[in-house]
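Take a look at the structure set out below.
4 protein chains.
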Amino acid sequence: MIIVMKAGSTEEQIQEVVSLVRKLGYQVHLSTGVERTIIGVIGHKDKSPIQSFASLEAVESVIPILKPFKLSSFEMKGERSLIDVDGVTFGGEQIALIAGPCSVESRDQIVRIAHQVKQAGAHILRGGAYKPRTSPYSFQGLEEEGLKFLREAKEETGLRIVTEIVAIGDMDLLVEYADMIQIGARNCQNFALLKAVGQSKKPVLFKRGMSTTVKEFLQAADYILSEGNPNVILCERGIRTFEDSTRNTLDLSAVALLRNWSHLPVVVDPSHATGVRELVMPMARAAMAAGADGLIIEVHDRPEEAYSDGPQSLRPDEFKECLREVSGIAAAVGRRL
Amino acid sequence: MIIVMKAGSTEEQIQEVVSLVRKLGYQVHLSTGVERTIIGVIGHKDKSPIQSFASLEAVESVIPILKPFKLSSFEMKGERSLIDVDGVTFGGEQIALIAGPCSVESRDQIVRIAHQVKQAGAHILRGGAYKPRTSPYSFQGLEEEGLKFLREAKEETGLRIVTEIVAIGDMDLLVEYADMIQIGARNCQNFALLKAVGQSKKPVLFKRGMSTTVKEFLQAADYILSEGNPNVILCERGIRTFEDSTRNTLDLSAVALLRNWSHLPVVVDPSHATGVRELVMPMARAAMAAGADGLIIEVHDRPEEAYSDGPQSLRPDEFKECLREVSGIAAAVGRRL
Amino acid sequence: MIIVMKAGSTEEQIQEVVSLVRKLGYQVHLSTGVERTIIGVIGHKDKSPIQSFASLEAVESVIPILKPFKLSSFEMKGERSLIDVDGVTFGGEQIALIAGPCSVESRDQIVRIAHQVKQAGAHILRGGAYKPRTSPYSFQGLEEEGLKFLREAKEETGLRIVTEIVAIGDMDLLVEYADMIQIGARNCQNFALLKAVGQSKKPVLFKRGMSTTVKEFLQAADYILSEGNPNVILCERGIRTFEDSTRNTLDLSAVALLRNWSHLPVVVDPSHATGVRELVMPMARAAMAAGADGLIIEVHDRPEEAYSDGPQSLRPDEFKECLREVSGIAAAVGRRL
Amino acid sequence: MIIVMKAGSTEEQIQEVVSLVRKLGYQVHLSTGVERTIIGVIGHKDKSPIQSFASLEAVESVIPILKPFKLSSFEMKGERSLIDVDGVTFGGEQIALIAGPCSVESRDQIVRIAHQVKQAGAHILRGGAYKPRTSPYSFQGLEEEGLKFLREAKEETGLRIVTEIVAIGDMDLLVEYADMIQIGARNCQNFALLKAVGQSKKPVLFKRGMSTTVKEFLQAADYILSEGNPNVILCERGIRTFEDSTRNTLDLSAVALLRNWSHLPVVVDPSHATGVRELVMPMARAAMAAGADGLIIEVHDRPEEAYSDGPQSLRPDEFKECLREVSGIAAAVGRRL
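Chains as they are written, first to last, in the numbering used here: chain A, 8 to 344; chain B, 8 to 344; chain C, 8 to 344; chain D, 8 to 344.
Structure (structure tokens):
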């Protein structure tokens, strides 16, 4: 932390701040500029209480120097994490592929699509049993019945299962049925849920919130990691901007940044990011080129009848074509599908 | 809903869409333009499944016509709601005033500040016992002990208590200790929590998410209302934008819009919206002029020692001065403090 | 400027940066933390070249300490500027009122509306003769003929005239016809135009760009001031955000911030900020309460026939009612209409 | 256009709107829903005046149906444009590569870097002689002297020259010295400048504004095209969002969208988009995978001494490595460097 004093602060005001800093157990380093005096706060402890010094009359601003995340930082581990989801590895040379419909709609629907995405090359089946819908009047998911259908799809195809958690109370059920638990964008800073998921060892597909900065996202990941669950896979799924021709704006710089700053694997969801079927393929290719460790893509064989997210779902043959294209990019960056 | 067909759609493609619409139980109204054919979808039922028609080859886009919220809409009630919080009314001529520190830090701190804000004119005491902090390494709140201190502050001052819920599991405790339960911005679309809070009758201070549109905010309010809790008070607390000199951007147009579109009372939080003490007073005045039914303001007598949000907290004498100024504006718009 | 070295930088790397800083003529202040070394750059000169030091291998980041604007800063003047527009003062106790249609459409239209807004209480007539329209196929303005009609409106009513400049080549004409020249949001960082306008003494109504931060806005104002024109009036007109129920998001915190940071008067445009007629009145009131020195409001007596911006135009009687309401707020904050 | 009437509109109110629509020369198509009546406006003419109907009492909203751009639309041409810049083609199988420093700083600097980027594989040299800087106190460019240095760099290396225009008055000079004229992000909606550039046939590198939507960007391109200059090359360079770890947010969905909606070539600027050297390479790869027709990359051999944009400049060897990586991606998508 650096405390910037206002121009014209008196020696007395500066000393008052210095002694407050020392009282909290930090060392102080004073630097006197032409117009401003700057107080460096030195020490290992959590420096967040220093933020409140900005409310002192003579203080102009308090500026953080260090990155605010810890356990998720690359420095903490020194090498990339490999995360195993029942035999599927995230973070290695091979790209992990998650596909399936937005919602589990029926036993027939999910098993049928599971076969289709498996045949196309997917490793993990996605499908929501508990749906966080914007409107309470929209389809909210089949709940436990949906989880059972997902398990049947797994038994028939061997695909691993990822599905979303929306309430802490569903945790035990989800741990039983799923191989990987998804935390959706709207719950990215639902810290109680993050702590609950952190108390299990179940792999977590952790989606960035639509207005969560990269730094905040990694601090949120620290909530899961600090509870003891190291199996966190980050997912960029688009952020909210003024652009209205796409559902969100896919932030691929964040993918490169997350891979620089963190040891955790990074997956991209081009379906939710764009909301437009024609854009899913080019964005899947671009995600691969940006360094993504995996993809999660919505696939539905009858998108016009989908209960949710039909407009952004690829049909199985389009998904196959998409993987073919992604495969070429993966090879160009030293990865493989 | 309106379905816009692509230019050059064939009669057969148009009829295919028409018959799909009818299969879902809606009536159809066809309109043939110079370049495009447009299909109006008519009927009372939830039209969200129609969105998926955008995935049909010949469909260019699907455009919603009606506002997507229902129970929270002004039309649904036809008059403004008055919501009672243990004798304090929101939505009437009198402005409801909520004040207090960001966090409950100790018995002494909360009781002391309670007396100060009561003396200045506040009706309700705020103070977080469960804190949703961006970093897991920051102070997380005193939890139940904090609730007890809040109750002691109520007993000593008569102020009503509002405090934040962060997990469904804390609901019973909060119902016992608080007069009003706050849902924070990060949980605005935590639908499981909204449903849980909706099953009580306890008044809810419901904060808009930092990237939640006004329409989505009212749909989220519908989650609480549709579970049976009519006591929802909306709170504008700033949205996330590119502007970096304030913590968020206070969206006062939203206050006027919410009052036009909804029967629910609207409160403004100028403290979190700006994050800058000097801006709290002018924004409190502006909120009043925009039509707000209440204010929630952070007050701390030693902001430089606050565990959180010190930089945006008013000191008690500043809070008093703020209310004096707000009072003049209230009178000018036919309200009173 | 503060240069933050990466953790683990060697003494040699630190000294390399120190000597580069000294070579540019600044003094250096070294501060060694637990993990990072920080180099303070001290001196009066423009420090922007220091930004490029971020490209050095051992440098983690370069952080500016001082605010980047100068001539527009409050410190530079030490008191509020009063700016005279042919007898109408901006920045004093009295609120300056600008009103009129988006575009000059005909002699009859502008003269008619001029009488109406004059009668309601406006001091200055607005009306575009050169229109910066999003589409080249939309009405582009009557150009010099429009300026003549504005002059006739002035002759008939005594209202001063403000109209927009879109090209440097029109400067002489505009100086001849107008009392105040408007720079629109899309030209906020058209620095060539700012310099041209700065070489006249004609008062400038300078609109904030839709994605211009407050700091950038004041730097842009410095372009005009540093060419020798002190008559700059800032205008907040809404910024671009994700919210889609309003045309832009009115940023009233910026109004309070601009008045704290700068000596220049600040005007608010609630018409363009919201794009919705029902919101103009509450936002005009809120702007006044936030400390605005003036208002610019679109008024049209036949908004449904307006060539542009009909949906946000008040009718003359609504404008009168708006001023009546604003007047009450002005009184409450020690101002008058 | 579709006009949505308010619920409960009377037959008389509906007929009033219908007759206003007809008076403007359009046909009308009425559609009566359960709650709302919808009026389709049919006809070939510019429908922007219809927007103002939203100001009628009984009208709820006016919704555009057609895309608002014309000459830049893919439908208008039916095939992709190939644009020739003195022998370098944009839009074909081969990727066009633009590189060089942010600013021309001296004859030696620009000629030296020209040789370096030429040797690495670039086709076109970039370098600003007129610089649109945020602060008037920053380096503003060498102006005509800079143009002369660029010409010398061309004579020595054979590289074509692209440089930015900031004022209409410089047009003749720029046409003389440059092979391609750049319009920067801040001038994306400086329509007077667009018209001026449209009156030449000189190829234009047209950068998207930082808060310009894709639809607005193509309307702005229509300004250039409709003046008679068909040689427009679009450039995505990042948009402004809340994310603060990158200078802007690169919007690669926009690249795919622009290629779907328009016949014009699309170039990506990963340097300005990210502002961070480490992110330039992954974003260059991702741009290629998304379908970009070219890249513009900042290169400086002494970035720490650059007058501007040092932190985001690649060194020549990094640029060479970047092209090697991009080359692999290009091959994977059927293109070549």
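Note that CB positions come from ideal geometry on N, CA and C, so glycine has one too.
Residue i in three-state terms, based on DSSP
| i | result |
| --- | --- |
| cysteine 109/B | coil |
| glycine 7/A | Residue 7/A lies beyond the stretch modelled for chain A, which goes from 8 to 344, so this question has no answer here. |
| glycine 317/D | helix |
| lysine 125/B | helix |
| arginine 158/C | helix |
| histidine 36/B | strand |
| arginine 247/A | coil |
| valine 69/C | strand |
| lysine 202/A | helix |
| glycine 47/B | strand |
| valine 182/B | helix |
Of the listed residues the options, nearest to residue i (C-alpha basis)
| i | options | result |
| --- | --- | --- |
| arginine 254/D | Asp251/A, Leu264/A, Thr253/A, Glu311/A | Leu264/A |
| alanine 127/C | Asn197/C, Gly107/C, Ile172/C | Gly107/C |
| proline 210/A | Ser88/A, Met217/A, Glu112/A | Ser88/A |
| alanine 297/B | Lys138/B, Ser142/B, Leu259/B, Gly85/B | Leu259/B |
| phenylalanine 81/D | Ile168/D, Pro272/D, Ala129/D | Pro272/D |
| glutamate 151/B | Gly50/B, Cys109/B, Lys138/B | Lys138/B |
| leucine 286/C | Gln34/C, Glu305/C, Leu232/C, Asn238/C | Glu305/C |
| alanine 280/D | Cys242/D, Asn267/D, Trp268/D | Cys242/D |
| proline 318/A | Gly32/B, Phe156/B, Ile57/B | Ile57/B |
| glycine 235/A | Phe249/A, Ala299/A, Ala192/A, Gly205/A | Gly205/A |
| alanine 121/A | Met83/A, Ile45/A, Val169/A | Val169/A |
Inter-residue spacing [alpha-carbon to alpha-carbon] between residue i and residue j
| i | j | result |
| --- | --- | --- |
| alanine 293/C | proline 323/D | 54 Å |
| valine 28/A | serine 59/A | 11 Å |
| alanine 227/D | aspartate 316/A | 32 Å |
| lysine 214/C | leucine 321/C | 20 Å |
| aspartate 93/D | lysine 208/D | 12 Å |
| lysine 74/D | proline 289/A | 22 Å |
| glutamate 171/C | glycine 191/C | 7 Å |
Extent of the continuous beta strand (DSSP E) run through residue i
| i | result |
| --- | --- |
| glutamate 305/D | 301-305 |
| arginine 133/C | 131-133 |
| methionine 12/C | 9-12 |
Per-residue contacts from residue i into chain B (C-beta, under 8 Å)
| i | result |
| --- | --- |
| threonine 248/D | Phe249 |
| leucine 73/D | Glu42, Arg43 |
Enclosing alpha helix (DSSP H) for residue i [first to last residue]
| i | result |
| --- | --- |
| glutamate 223/C | 221-233 |
| lysine 327/B | 323-339 |
| serine 26/B | 18-30 |
| threonine 281/C | 277-281 |
Interface residues of chain A facing residue i [CB-CB closer than 7 Å]
| i | result |
| --- | --- |
| glutamate 285/D | Asn267 |
| valine 173/B | Phe198, Ala199 |
Chain C contact residues for residue i, given Cβ-Cβ distances below 7 Å
| i | result |
| --- | --- |
| glycine 205/A | Per Cβ cutoff of 7 Å: no residues; glycine 205/A is ~26 Å from chain C at best. |
| histidine 36/A | Ser38 |
| histidine 51/A | Val41 |
Proximal residues of chain B, C-beta to C-beta of residue i below 7 Å
| i | result |
| --- | --- |
| isoleucine 350/C | With chain C represented from 8 up to 344, any question about residue 350/C goes unanswered, as that position is not in the structure. |
Proximal chain D residues relative to residue i, where beta-carbon distance stays under 9 Å
| i | result |
| --- | --- |
| valine 320/C | The sequence shown places serine at residue 320/C, not valine. Result: Ser59, Ser62. |
Within chain D, the residues that residue i reaches when beta carbons sit closer than 8 Å
| i | result |
| --- | --- |
| aspartate 3/C | No answer is possible for residue 3/C: it lies beyond the span of chain C, which begins at 8 and ends at 344. |
Per-residue contacts from residue i into chain D (C-beta, under 7 Å)
| i | result |
| --- | --- |
| asparagine 197/C | Arg193, Asn194, Asn197 |
Residue i: contacting residues in chain C (beta-carbon distance under 9 Å)
| i | result |
| --- | --- |
| isoleucine 70/A | Ile9, Ile70, Ile72 |
| glycine 165/A | Per Cβ cutoff of 9 Å: no residues; glycine 165/A is ~41 Å from chain C at best. |
Cross-chain neighbours of residue i in chain B, by beta carbon under 9 Å
| i | result |
| --- | --- |
| glycine 317/D | Here the premise fails: no neighbours, minimum Cβ distance about 22 Å. |
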